[in-house]
């Protein structure tokens, strides 16, 4: 992935994260936010490496 694709995916995931927190607590699926956070952390690491180059 290039930097633009990584940034685009991060923005998309942050939107999903915001939508997740708009739901009522009873309707939230904890594994959903866990997956989003995990993917965000991976993408941030990739972005960090890409910016070093």
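Numbering (the working numbering), first residue to last: 74 to 126. Glycine included, C-beta positions come from ideal geometry on N, C-alpha and C.
Problem - Own chain partners of residue 110 with C-beta closer than 8 Å, once the 5 adjacent residues on each side are dropped - result: Walking along the chain shown from the start, residue 110 turns up at place 37. Closer than 8 Å at Cβ, skipping near neighbours: 90.
Handout entry: Distance between beta carbons of residue 86 and residue 112, contact taken as under 8 Å
Key = For the purposes of this step, residue 112 is identified with residue 39 of the chain shown, where counting begins at 1. For the purposes of this step, residue 86 is identified with residue 13 of the chain shown, where counting begins at 1. About 6 Å; that satisfies the 8 Å criterion.
Handout entry: Coil, strand or helix - residue 89 by DSSP
Key = Numbered from 1 along the chain shown, position 16 holds the residue referred to as residue 89. Helix, per DSSP.
Practice task
Kindly list the residues whose CB is nearer than 6 Å to the CB of residue 119, restricted to its own chain and excluding five residues on each side of it in sequence; keep chain order.
Solution key: Position 46 of the chain shown, counting from 1, holds the residue named residue 119. The answer, listed in chain order, is 79.
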